[in-house]
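**Student:** Here's a structure for you.
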Amino acid sequence: MWEGLFKKLKILPVPCQYILSVMLFMIDNSNKFLTSSEVHGFHTRSKNHFFIPATNLTSVRKGITYSGIKMYNRLPNSILNHRNDRKKFKNELYKYLLNNLFYSVEEFLEFSREN
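Count along the sequence shown from 1, then add 5; that gives the number in my numbering.
Structure below.
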């Protein structure tokens, strides 16, 4: 029932709005993050993904940069291809979130992992 209304009114649920905000933060501050190829020097298929630093601290794992990196790395390549054009990136991510309507960040991470 709610899902139909969200799509009809083109409104994102709160978790999707959070994901959109965090991803825009990641794009705006992408120069502050290392890519996987910068860290280990190998050109793998995930060479443009941000490097996730190793940590055991829960406070770090709950922080915006650590969780933002995890979410960013789960985005489909069709969205990541527009990471240099903020407006296009935002529009593509918005469409993706509106089509899939995630009700938690965990749901987003699991869904993205499957696709």
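Just so it is clear, CB atoms sit at the ideal spot from N, CA and C, and this is done for glycine as well.
Rank Asn-104, Asn-34, Phe-56 by C-alpha distance to the C-alpha of Phe-11 and give the top, closest one.
**Tutor:** Asn-104
**Student:** Could you check what DSSP says for Thr-63 in three-state terms: helix, strand or coil?
**Tutor:** It is helical.
**Student:** Look up Phe-116 in the DSSP assignment and say whether it is helix, strand or coil.
**Tutor:** helix
**Student:** Just how far apart, CA to CA, sit Tyr-99 and Thr-40?
**Tutor:** Rounded to whole angstroms, the separation of the alpha carbons of Thr-40 and Tyr-99 is 24 Å.
**Student:** Kindly list the residues whose CB is nearer than 6 Å to the CB of Phe-107, restricted to its own chain and excluding five residues on each side of it in sequence; keep chain order.
**Tutor:** Same-chain partners within the cutoff: Pro-20, Cys-21, Phe-113.
**Student:** Within 10 angstroms of its Cβ, does Gly-73 collect 16 or more other Cβ (buried), or is it exposed?
**Tutor:** So Gly-73 counts as buried.
**Student:** How many Å lie between Lys-13 and Thr-60 at the Cα?
**Tutor:** Approximately 42 Å, taken between the alpha carbons.
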